[in-house]
Every structure is written in structure tokens, then in C-alpha cells.
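For what it's worth, the working numbering labels the leading residue of the sequence shown as 14, then goes sequentially. Here the structure comes first, spelled out in C-alpha cells, and everything after it is commentary.
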Amino acid sequence: MDAVLRAGCIYLFLLVVFRVAGKRTLAEVTPFEFVLFLVIGEATQQGLLGEDFSVTNALLVISTLVGIDIGLGLAKQRVPRLERAVEGKPVVIFADGAPLGQHMRRARLDESDILEAARTKQGLESLDQVKFAVLERSGGISIIPR
14 MDAVLRAGCI
24 YLFLLVVFRV
34 AGKRTLAEVT
44 PFEFVLFLVI
54 GEATQQGLLG
64 EDFSVTNALL
74 VISTLVGIDI
84 GLGLAKQRVP
94 RLERAVEGKP
104 VVIFADGAPL
114 GQHMRRARLD
124 ESDILEAART
134 KQGLESLDQV
144 KFAVLERSGG
154 ISIIPR
């Protein structure tokens, strides 16, 4: 039972931490952030397993984490407010040639991030060619050209 409680606590803690930390896809993670994720994984493993490094305990922890994730997924389908709280919602960060400062600061993005998305996704050369930029729930930036 101890492993199940540990797994539940760690799951909820990581859910809150990553929700607060913001949206970023794995493709947009810097090398330092990737190493940070590895360190978090190691710390999580120690917190989950404690002194019990048996295969049985590891399987129980994994099953608990997957079960919580499936349960949360089902709950999000039935309760739209829960989905918005956990997943967030798309946010317009650039409109009609002007950055929306408060939204960009909250998402920790700057104009270079928008320009990079415009270049890679739409082949645009300048922000003047961008009508809207939207930070999607997945962490990617969608570009709508003029």
C-alpha cells in the first residue's frame, strides 16, 4: 500500500509542477532542460521506490502511475473544467502584427520563438507576415499567416 500512496503523491506533484512550469514540447526542450528531466526522473524513482527496490514494487508503482493517468484521462472526458485545469487551453500570443505581452510573459516566450515557428512551419521571413500566433495546449506554436 505504501508504494501506491507514494506513486499517487508523486503523480499529483509532477502534474502540478509541469502544469505550473508551462507548455513545451520535447522538440523544443533545451539540452539543459533535458538533463533536468533526467535528474527529476532519478529523484522521482528514489521517492517512488524508497528502500524497496524489488521488481514487484516497481511493477506496482508503474501500474499505479498508469492507472492514475488512465483514470484522469477518463475524468477529463466527463468534466470539461478538469480538462482545462490539467491541459490548459490555446492562448493567442501574437495578433495582427503585435505581440500580446502579458500572454507571452506568462508563457515565457519572446518574439524570436514566434519568428522561429513562422520560419519552420510556414516559411515566413518576418513577423509582419504573421496574422496570429497561438500557443497550443501541446506546447507548440501555430502560425496563421496574413
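Beta carbons: idealized from backbone N, C-alpha and C, even for Gly. Here the structure is a predicted model, which is why all the values come from computation and not from measurement.
Could you have a look at residue i and say whether DSSP puts it in helix, strand or coil?
i	result
Pro158	strand
Val92	coil
Glu55	helix
Glu46	helix
Ser76	helix
Arg97	helix
Met117	helix
Alpha carbon to alpha carbon, how far is residue j from residue i? Give it in angstroms, no decimals.
i	j	result
Pro10	Glu64	Outside the displayed range of the chain (14 to 159) lies residue 10, so it cannot be described from this structure.
Glu129	Thr69	47 Å
Ile116	Asp123	Looking at the sequence provided, one finds His at residue 116 rather than Ile. C-alpha separation (whole angstroms): 10 Å.
Ile53	Gln135	35 Å
Asp109	Pro93	30 Å
Ser155	Glu149	7 Å
Ile81	Arg159	43 Å
Leu73	Thr133	43 Å
Leu140	Cys22	44 Å
Gly101	Ala16	30 Å
Val48	Gly84	29 Å
Leu51	Leu27	14 Å
Ala131	Glu46	23 Å
Gln58	Ile75	10 Å
Ser125	Val143	13 Å
Who does residue i pair with in a DSSP beta bridge?
i	result
Val104	Leu148
Pro112	Phe107
Val143	Pro158
Over the uninterrupted alpha helix (DSSP H) stretch that includes residue i, give me the two end residues.
i	result
Leu128	Glu124 to Gln135
Gly153	Run containing Gly153: none; DSSP gives neither H nor E here.
Taking buried to mean at least 16 other C-beta atoms within 10 Å of its own C-beta, is residue i buried or exposed?
i	result
Ala146	buried
Ile106	buried
Val30	exposed
Ala56	exposed
Leu61	buried
Arg119	exposed
Given 6 Å as the limit, tell me if residue i has its C-beta closer than that to any heavy atom belonging to the ligand SAM.
i	result
Val105	This structure lacks the ligand SAM; in fact it carries no ligand of any kind.
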